[in-house]
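Below is one structure, written out as structure tokens; comments come after it.
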Amino acid sequence: MASRIDQLTYAIGDIHGYDALFERLIDRIRSDAEMTGDRPRIVLLGDYVDRGPQSRQVLERVMALQQARWCDVVALKGNHEAALLHFLVKPESGETWRDWGAGATLASYGVTMPYFSHGAEFWRAVRDGFLAVLKLSHLNMLHAMPVSFQAGDYLFVHAGVDPDRPLEEQGAETFMYIRGRFQEAERACQYVVVHGHTPETPVTHRRWRIGVDSGVYSDEVLTAVRLHGETRDLIQVRTG
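Per the numbering used here, residue 708 is the first one in the sequence shown, and the count goes up by one each step.
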């Protein structure tokens, strides 16, 4: 029996600061939805920030989408958003976040960060500088993001689920970080899992798993999956 979803839904993979591609993909989605005559739902699978040049602009666009009248929006939290929030509480984690591409996020807010760290005091200064320019609306949105969303026969998470544990025993750590055994499993849970987190070329489009992280920061391709009734289709935009 084919999997079904309750509403025309578009799930978008990791954006990582590539706002121009994000804008183009949203335009494609809006045009496509208008042709169906159905009200669309857009599920953003997390990792809006880091690596690409326009993290701040991406967050602005996510906020604008949430306020738009033409669509419903679910914006999930990814591990990069979790790292940003952790840095604000524990700035000593800055070295780890830096290795994930934090410099690009900070630069999009006008905060400079030398590649080499200078200890805890240095990272506290960077954190304080970031807090001084980080919009409260952005911060509140990041805190409010859920880590999973279920609709029809589909479960949307950033990274995946643990096939060896009941879903009700799983939470943010698994949903935002898992790789390995989730991707190796034939079927990880009772739902079709739609996720990002792990770049795959081509993107994964299997019966029980749809992975739409197309590695935008390396290949400059942004991917969404369109779910409508029992149908599934991929939509991609690329630079150039």
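Where is the CB? At the ideal position from N, CA and C, for every residue including glycine.
Here the structure is a predicted model, which is why all the values come from computation and not from measurement.
### Query
Should valine 840 be labelled buried (16 or more other beta-carbon atoms within 10 Å of its own) or exposed?
Here residue 840 corresponds to residue number 133 of the sequence shown, with the count starting at 1. So valine 840 counts as exposed.
### Query
Anyone know if the C-beta pair for histidine 865 and leucine 715 falls short of 8 Å?
By one-based count along the sequence shown, residue 865 stands at place 158. By one-based count along the sequence shown, residue 715 stands at place 8. It is not a contact, given that the beta carbons lie outside the stated cut-off.
### Query
Does the distance from the C-beta atom of isoleucine 749 to that of isoleucine 722 stay below 8 Å?
By 1-based counting over the sequence shown, the position of residue 749 is 42. By 1-based counting over the sequence shown, the position of residue 722 is 15. Taking 8 Å as the cut-off, the Cβ atoms of isoleucine 749 and isoleucine 722 do not count as close.
### Message
Just to check my reading of the structure: leucine 795 and methionine 852 have Cβ atoms closer than 8 Å, yes? What is that Cβ distance to the nearest angstrom?
### Response
Along the sequence shown, one-based indexing puts residue 795 at 88. Along the sequence shown, one-based indexing puts residue 852 at 145. Contact flag wrong, Cβ pair sits at about 15 Å.
### Query
Who pairs with isoleucine 719 in a beta bridge, going by DSSP?
Taking the first residue of the sequence shown as position 1, residue 719 is located at position 12. For isoleucine 719, which the question treats as bridged, DSSP gives the partners Leu751 and Ala931.
### Task
For proline 798, count neighbouring Cβ atoms within 10 angstroms of its own Cβ and tell me buried if that reaches 16, exposed if not.
On the sequence shown, position 91 is the one that residue 798 refers to. Burial call: buried.
### Message
In whole angstroms, give me the CA-to-CA distance for threonine 819 and leucine 732.
### Response
Walking along the sequence shown from the start, residue 819 turns up at place 112. Walking along the sequence shown from the start, residue 732 turns up at place 25. Each residue's Cα considered, the two are about 30 Å apart.
### Task
Could you round the C-beta distance between isoleucine 663 and alanine 931 to whole angstroms and report it? I think they count as a contact, below 8 Å.
Not covered by the structure: residue 663. The range shown for the chain is 708 to 947.
### Query
If you check the beta carbons only, do leucine 728 and leucine 929 fall under 8 Å apart?
Within the sequence shown, the letter at position 21 stands for residue 728. Within the sequence shown, the letter at position 222 stands for residue 929. Going by C-beta atoms, leucine 728 is nearer than 8 Å to leucine 929.
### Task
Go to serine 855, then tell me how far its beta strand (DSSP E) extends in each direction, as first and last residue.
Along the sequence shown, read from residue 1 onward, the residue named residue 855 stands at position 148. It spans 855-858 - the beta strand (DSSP E) in which serine 855 sits, taken as one unbroken run.
### Query
Of the residues Ala790, Gly759, Val899 and Pro906, which one's Cα is nearest the Cα of alanine 709?
Within the sequence shown, residue 709 is the residue found at index 2, counting from 1. Of the listed residues, the one whose Cα sits closest to alanine 709 is Val899.
### Query
Taking DSSP as the reference, what is the three-state secondary structure of isoleucine 736?
Taking the first residue of the sequence shown as position 1, residue 736 is located at position 29. Helix, per DSSP.
### Task
Within its chain, find whatever has a CB closer than 7 Å to the CB of arginine 945; leave out the 5 residues flanking it on each side and keep chain order.
In the sequence shown, counting from the first residue as 1, residue 945 sits at position 238. The answer, listed in chain order, is Glu927 and Val928.
### Query
Helix, strand or coil: how does DSSP classify glycine 903 here?
One-based indexing of the sequence shown puts residue 903 at position 196. Coil, per DSSP.
### Task
Check whether the region 772-790 touches the region 873-892, counting contact only when three or more Cβ pairs, one atom from each stretch, lie closer than 8 Å.
They touch, by the three-pair rule.
### Query
In or out: leucine 843 buried (at least 16 other Cβ within 10 Å) or exposed?
Position 136 of the sequence shown, counting from 1, holds the residue named residue 843. Classification for leucine 843: exposed.
### Message
Can you tell me where the beta strand (DSSP E) holding alanine 782 begins and where it ends?
### Response
What you label residue 782 is simply residue 75 of the sequence shown in a count that begins at 1. In the DSSP assignment, alanine 782 falls within the unbroken beta strand (DSSP E) covering 779-782.
### Query
Of all the options Ala771, Tyr861, Phe863 and Gln890, which has the alpha carbon lying nearest to the alpha carbon of aspartate 871?
In the sequence shown, counting from the first residue as 1, residue 871 sits at position 164. Comparing Cα-Cα distances from aspartate 871 to each of Ala771, Tyr861, Phe863 and Gln890, the minimum goes to Gln890.
### Query
What are the partner residues of alanine 864, as DSSP defines its beta bridges?
Numbered from its first residue, the sequence shown carries residue 864 at position 157. Sequence check: residue 864 is valine here, not alanine. Its beta-bridge partners are Ser855.
### Query
What residues in its chain sit with their C-beta under 8 Å from that of arginine 834, if we drop five residues either side in the sequence?
For the purposes of this step, residue 834 is taken as the residue at position 127 of the sequence shown. Taking arginine 834 as the centre and dropping the five residues before and after it, the same chain places the C-beta of Phe794, Leu795, Pro798 and Gly801 closer than 8 Å to its C-beta, in chain order.
### Message
Quick check on threonine 911: does DSSP put it in helix, strand or coil?
### Response
Position 204 of the sequence shown, counted from the first residue, corresponds to residue 911. Strand, per DSSP.
### Task
Below 6 Å CB to CB, which residues in the same chain sit around alanine 892 once its five sequence neighbours on both sides are set aside?
Taking the first residue of the sequence shown as position 1, residue 892 is located at position 185. The residues Pro870, in chain order, have a CB closer than 6 Å to that of alanine 892 in the same chain once the five nearest residues on each side in sequence are set aside.
### Message
Along the chain, where does the beta strand (DSSP E) containing arginine 916 start, and where does it finish?
### Response
In the sequence shown, counting from the first residue as 1, residue 916 sits at position 209. From DSSP, the beta strand (DSSP E) with arginine 916 extends over 916-918.
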